[in-house]
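J.:
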Amino acid sequence: MAGNHASLPPLDVGRAPEGGEVGAVQSGWRLALREFSSNRLAVVGVALLLFFVIFSFLGPLVYHANLLQANLIDAHDPPGAGHPVGTDINGFDVLGQLMKGGQDALEIGFFAALVAIVVGAMVGAVAGLAGGIVDTVLMRITDIFLSIPFLFVVLILAVKFGASVLSLSLVIGGFSWQVPARLVRGEVLTIRERDFVLAARTAGSGNWRLIRRHLLPNALGVMIVNVTFQVADAILAVAYVGFLGFGLHYPNIDWGDMLSDGSGYLTDGYWWLIWPVLTCIVLTVMALNFIGDALRDSLDVRLRRR
Amino acid sequence: MTAYLLRRLGTSIVVLIGISIFIYLLLHAIYPSPARDVLGLRASSAAVDAWNKQYGYDRPVIEQYLSYMNGLIHGNLGYSYAENQTVGSLLQERVARSAYLSGMALLIAILVALPLGIFQAVKRNSLGDNIATSLAFILYSMPSFALGLILIQVFALSFPLLSFEASQSTSLPTVIADWRAMLLPILTLALIQVASFSRYMRSSSIDVLAQDYIKVARAKGLPERLVLMRHMVRNASLPMITLIGLSLPNLLAGNLVTEYLFNYQGLGLLFYDSLGKADYPVLLAYTLVGAVFVVLGNLVADIALTMADPRIRLA
Chain A
13 MAGNHASLPP LDVGRAPEGG EVGAVQSGWR LALREFSSNR LAVVGVALLL
63 FFVIFSFLGP LVYHANLLQA NLIDAHDPPG AGHPVGTDIN GFDVLGQLMK
113 GGQDALEIGF FAALVAIVVG AMVGAVAGLA GGIVDTVLMR ITDIFLSIPF
163 LFVVLILAVK FGASVLSLSL VIGGFSWQVP ARLVRGEVLT IRERDFVLAA
213 RTAGSGNWRL IRRHLLPNAL GVMIVNVTFQ VADAILAVAY VGFLGFGLHY
263 PNIDWGDMLS DGSGYLTDGY WWLIWPVLTC IVLTVMALNF IGDALRDSLD
313 VRLRRR
Chain B
31 MTAYLLRRLG TSIVVLIGIS IFIYLLLHAI YPSPARDVLG LRASSAAVDA
81 WNKQYGYDRP VIEQYLSYMN GLIHGNLGYS YAENQTVGSL LQERVARSAY
131 LSGMALLIAI LVALPLGIFQ AVKRNSLGDN IATSLAFILY SMPSFALGLI
181 LIQVFALSFP LLSFEASQST SLPTVIADWR AMLLPILTLA LIQVASFSRY
231 MRSSSIDVLA QDYIKVARAK GLPERLVLMR HMVRNASLPM ITLIGLSLPN
281 LLAGNLVTEY LFNYQGLGLL FYDSLGKADY PVLLAYTLVG AVFVVLGNLV
331 ADIALTMADP RIRLA
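Chains as they are written, first to last, in the working numbering: chain A, 13 to 318; chain B, 31 to 345.
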């Protein structure tokens with residue numbers, strides 16, 4: 013990204029900052045934060061994501077919309093007084109639906125990403141540390157799950173077990189751990205050869221402690237970057253499942269489902285049923301992609317420009 | 031090189047067997063026996079048990095898996111009781127149409143993304159590069175149905191140049207001839223791929239441009255056009271071979287959504303219809319076929335890369 017680095021203050025190496033804080037050399041995390049906040053796209057991404065979090069979770073506290081009772085007299089009203097984004101075909105308020113849909117999308121996104129990263133980190137750490145036959149078996153299992161088209165399995169399971177916030181999170185997360193597993197394994201393979209791991213072993217650390225205290229914390233950068241992309245992908249997956257008609261049910265709302273319903277009225281000119289929700293999906297996913305890209309640039313020392 | 035290829039082949043076979051085990055276990059867990067579909071919902075449980083016994087659905091799971099495997103090896107993908115047809119014939123009817131849609135989309139994606147990525151790398155940080163990067167970012171964050179809806183609104187409704195529904199013909203030549211109907215679905219599927227392909231192509235071209243052999247080519251006075259044509263394009267395109275292999279699962283998912291959106295009678299729409307009927311034999315068979323396609327695609331990509339890149343061949 014074309015950030016303007018001339019405007020950055022010089023690094024205070026070896027000189028006490030004016031705030032009185034004694035920090036001769038800034039820590040890696042501080043450097044990463046500085047790099048991150050100097051990236052314009054990252055700032056846009058964080059602002060957009062914050063907007064959607066506030067919009068979805070605090071919005072409904074301020075803006076009370078009727079999402080319970082169908083009202084056919086006020087059906088498909090264009091945006092206007094009382095309904096800033098209009099009403100849908102059943103007379104429900106679109107703005108209220110967008111807020112609730114955002115809640116569900118973000119909740120599933122974060123929860124699925126959490127499942128994926130926990131499973132992936134464990135598989136990757138065990139495979140990387142154990143090596144040998146354990147590594148081979150775990151990595152072949154990872155290959156198997158990488159080859160099976162993810163969306164197909166999610167759809168089949170959504171049809172069989174029904175879609176709820178919990179079930180979609182588990183299914184999407186349960187089939188997205190492969191990439192983090194590979195990334196964490198790669199990190200662990202290099203970390204485990206380092207001297208501090210040998211020192212920890214000599215001091216009597218067991219494998220579990222080694223993974224928990226030494227390997228995973230050092231692979232944290234890779235994991236944080238991946239979680240961001242996982243959230244984006246999970247939100248997209250929910251939208252896909254919803255658009256095909258197998259998504260969340262009342263009282264939950266699925267952005268993909270809203271868009272699918274709205275797309276039926278493309279020729280009727282009910283634009284407020286289509287473009288606002290489409291914008292919400294794209295901007296949320298884009299915000300997370302911006303943040304993920306910027307995090308990767310700032311956490312990976314090799315990509316850092318300083 | 032032979033040793034590498036043999037090892038690569040062995041891994042693929044192990045992965046294929048693993049996939050068949052996973053798919054069978056999933057099928058067994060959610061659809062243990064077709065007895066209810068055959069005998070009807072009002073059949074007594076004794077009749078169901080008898081049917082299961084007669085057709086071997088009461089045997090241990092391993093035995094059932096082995097006979098499922100035996101069927102697969104002999105080309106038997108199962109039977110759809112909802113359609114009263116073998117799954118194999120259902121898939122066969124539609125495979126050509128889906129192959130045309132996805133193949134054309136992949137081809138167009140490569141033909142657009144390769145020059146675009148090279149252009150962006152050569153004219154780095156120019157206005158054109160920034161516009162292309164922004165567009166790629168937006169497309170990359172967009173589900174394919176959203177892109178499809180935008181294309182329909184613009185090219186089929188606002189300016190009625192193209193059809194908003196794909197060709198409904200069952201004959202492939204007619205489908206191909208009806209390009210007005212096929213252009214939007216193909217573009218929808220292609221543009222989503224362009225977004226990720228061009229980003230990779232741009233960064234791989236930037237890497238190649240920094241190599242010493244490019245400097246040498248320039249230093250000996252070769253015109254820039256020849257530097258790019260002879261020395262950069264081929265080297266920068268190598269990672270694309272792997273990327274195309276890795277993009278196959280996305281292509282399958284995009285195919286499903288695009289066929290649904292444009293009502294195109296292909297494999298994706300068959301999968302969608304089968305979801306509505308909870309026709310698990312078809313759903314899992316297509317998932318299996320998709321996974322096998324992905325494994326073989328990646329195998330072919332790796333072999334092609336070995337052929338194309340002497341650095342790997344010698345290793």
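Every residue gets a Cβ at the ideal spot worked out from N, C-alpha and C, and that includes glycine.
1) At a Cβ cut of 8 Å, what residues of the region 267-284 of chain B count as close to chain A, listed as they run along the chain?
2) Using a C-beta cutoff of 9 Å, does B:Thr288 count as contacting chain A?
3) Just to check my reading of the structure: B:Leu239 and B:Met262 have Cβ atoms closer than 8 Å, yes? What is that Cβ distance to the nearest angstrom?
4) In the DSSP assignment, what residue or residues form a beta bridge with A:Asp105?
5) Would you say the beta carbon of B:Pro311 comes nearer than 8 Å to a heavy atom of the ligand SAH?
6) Considering only DSSP beta bridges, list what A:Gln81 is partnered with.
7) I'd like the list of long-range same chain contacts for B:Gly346, defined as Cβ closer than 6 Å, with 5 residues on each side in sequence excluded.
8) Could you list which residues in chain B have their beta carbon closer than 9 Å to that of A:Arg152, in chain order?
9) For the candidate residues B:Asp339, B:Gln295, B:Gly118 and B:Asp303, whose alpha-carbon lies nearest to that of B:His104?
10) With a threshold of 8 Å on Cβ separation, who are the neighbours of B:Leu268 within its own chain once the five nearest residues in sequence on each side are excluded?
11) Here's a check: name, in chain order, each residue in its chain whose Cβ is nearer than 6 Å to the Cβ of B:Leu281, leaving out the five neighbours to either side.
12) Run through DSSP, which three-state label would B:Leu200 get?
13) Tell me, please, whether the region 95-109 of chain B touches the region 40-60 of chain B by the rule of three or more beta-carbon pairs shorter than 8 Å.
14) A:Leu167 CB to nearest chain B CB: under 9 Å?
15) In the DSSP assignment, what residue or residues form a beta bridge with B:Thr116?
16) Taking 9 Å as the cut-off, decide whether the C-beta atoms of B:Pro311 and B:Gly70 are in contact.
17) Measuring only between beta-carbons, confirm whether A:Val171 sits less than 9 Å from chain B.
18) Can the beta-carbon of B:Gly158 be found closer than 9 Å to that of B:Phe149?
19) Show which residues of chain B have a CB atom less than 9 Å away from the CB atom of A:Tyr252.
20) Which one of B:Val44, B:Val152 and B:Leu252 has the shortest CA to CA distance from A:Phe157?
21) Would you list the residues sitting across from B:Gly48 in a DSSP beta bridge?
22) At least one CB of chain A closer than 9 Å to the CB of B:Thr317: is that the case?
23) Just grab the DSSP bridge partners of A:Gly92 for me.
24) So which residues on chain A does B:Val325 lean against when the C-beta distance must stay under 8 Å?
25) Taking 8 Å as the threshold, find out whether the region 294-307 of chain B comes into contact with the region 173-181 of chain A through three or more Cβ pairs.
26) Does the CB of A:Leu278 have a neighbour CB from chain B at under 9 Å?
27) If we define contact as Cβ-Cβ less than 9 Å, is A:Asn238 a contact residue for chain B?
28) Cutting at 7 Å between CB atoms, please list the residues of its own chain near B:Ile60, excluding the five before and the five after it.
29) Which term fits A:Val135, buried or exposed, when burial requires 16 or more other beta carbons within 10 angstroms of its beta carbon?
30) Mind pulling the chain A residues with CB within less than 8 Å of B:Leu217?
31) I'd like to know whether the C-beta of A:Ala244 is nearer than 9 Å to at least one C-beta of chain B.
32) Would you list, in chain order, the members of the region 181-195 of chain B that have their beta-carbon closer than 7 Å to a beta-carbon of chain A?
33) Are there three or more Cβ pairs, one per stretch, closer than 8 Å when the region 220-227 of chain A is compared with the region 139-151 of chain A?
34) Just to confirm my understanding: we take A:Ala93, look at its own chain, exclude 5 residues before and 5 after, and list those with CB closer than 8 Å. What are they?
35) Nearest chain A C-beta to B:Ile53 closer than 9 Å, yes or no?
36) Give, in chain order, every unbroken run of the beta strand (DSSP E) that is at least 3 residues long and sits entirely within the region 257-344 of chain B.
T.: By the coordinates alone:
1) Pro279, Leu282 and Ala283
2) Here the question's residue 288 of chain B lines up with position 258 in the second sequence. Output row for B:Thr288: interface = no.
3) Start at 1 with the first residue of the second sequence, and residue 239 of chain B comes out as number 209. Start at 1 with the first residue of the second sequence, and residue 262 of chain B comes out as number 232. Contact holds; Cβ gap of about 7 Å.
4) Looking up residue 105 of chain A in the first sequence gives position 93. Partner(s): A:Thr99.
5) Inclusion of the ligand SAH in the displayed structure is not the case, the ligand content being empty and no account of it being possible.
6) Stepping through the first sequence from its first residue, residue 81 of chain A is reached at position 69. A:Gln81 pairs with nothing; no bridge assigned.
7) In the structure as shown, chain B begins at 31 and stops at 345. Residue 346 of chain B is therefore absent and cannot be evaluated.
8) Along the first sequence, one-based indexing puts residue 152 of chain A at 140. Result: Thr41, Val44, Val45 and Gly48.
9) Position 74 of the second sequence, counting from 1, holds the residue named residue 104 of chain B. For the residues B:Asp339, B:Gln295, B:Gly118 and B:Asp303, the minimum Cα distance to B:His104 belongs to B:Gly118.
10) Looking up residue 268 of chain B in the second sequence gives position 238. So the qualifying residues of the chain are Ser234, Leu335, Ala338 and Asp339.
11) As a working mapping, residue 281 of chain B is identified with position 251 in the second sequence. Here the set comprises Ser132.
12) For the purposes of this step, residue 200 of chain B is identified with residue 170 of the second sequence, where counting begins at 1. It is Thr, not Leu, that sits at residue 200 of chain B in the sequence shown. Coil, per DSSP.
13) yes
14) Taking the first sequence and counting its residues from 1, one reaches residue 167 of chain A at position 155. Closer than 9 Å to some Cβ of chain B, the Cβ of A:Leu167 qualifies, so yes.
15) Residue mapping note: residue 116 of chain B aligns to position 86 of the second sequence, counting from 1. Note: B:Thr116 sits in a beta bridge opposite B:Tyr109.
16) Residue mapping note: residue 311 of chain B aligns to position 281 of the second sequence, counting from 1. Residue mapping note: residue 70 of chain B aligns to position 40 of the second sequence, counting from 1. Against a cut-off of 9 Å, the Cβ pair of B:Gly70 and B:Pro311 comes out as no contact.
17) Translated into positions along the first sequence, residue 171 of chain A becomes position 159. Closer than 9 Å: yes.
18) Within the second sequence, the letter at position 128 stands for residue 158 of chain B. Within the second sequence, the letter at position 119 stands for residue 149 of chain B. Their beta carbons are under 9 Å apart, which means B:Gly158 touches B:Phe149 by this criterion.
19) The count along the first sequence starts at 1 and reaches residue 252 of chain A at position 240. Ordered by position in chain B, the residues that pass the 9 Å Cβ test against A:Tyr252 are Pro173, Ser174, Phe175, Ala283, Leu286 and Val287.
20) Position 145 of the first sequence holds residue 157 of chain A. That would be B:Val44, whose Cα lies nearest to the Cα of A:Phe157.
21) As a working note, residue 48 of chain B is residue 18 in the second sequence. None; B:Gly48 has no bridge partner.
22) Here residue 317 of chain B corresponds to residue number 287 of the second sequence, with the count starting at 1. Output row for B:Thr317: interface = yes.
23) On the first sequence, position 80 is the one that residue 92 of chain A refers to. Answer by DSSP bridge pairing, in chain order: A:His95.
24) On the second sequence, position 295 is the one that residue 325 of chain B refers to. In chain order: Ser159.
25) no
26) Here the question's residue 278 of chain A lines up with position 266 in the first sequence. It does: the Cβ of A:Leu278 has a partner Cβ on chain B nearer than 9 Å.
27) Stepping through the first sequence from its first residue, residue 238 of chain A is reached at position 226. No, A:Asn238 lies away from the interface with chain B (no Cβ there is under 9 Å from its Cβ).
28) Translated into positions along the second sequence, residue 60 of chain B becomes position 30. Here the set comprises Tyr310.
29) The residue given as residue 135 of chain A occupies position 123 in the first sequence. It counts as buried.
30) For the purposes of this step, residue 217 of chain B is taken as the residue at position 187 of the second sequence. Those do not exist, as B:Leu217 stays about 17 Å from chain A at its closest Cβ, beyond 8 Å.
31) The residue given as residue 244 of chain A occupies position 232 in the first sequence. Yes, because at least one Cβ of chain B sits closer than 9 Å to the Cβ of A:Ala244.
32) Ile182, Gln183 and Leu187
33) yes
34) Position 81 of the first sequence, counted from the first residue, corresponds to residue 93 of chain A. Same-chain partners within the cutoff: there are none.
35) For the purposes of this step, residue 53 of chain B is taken as residue 23 along the second sequence, with counting starting at 1. So yes, B:Ile53 belongs to the interface.
36) none
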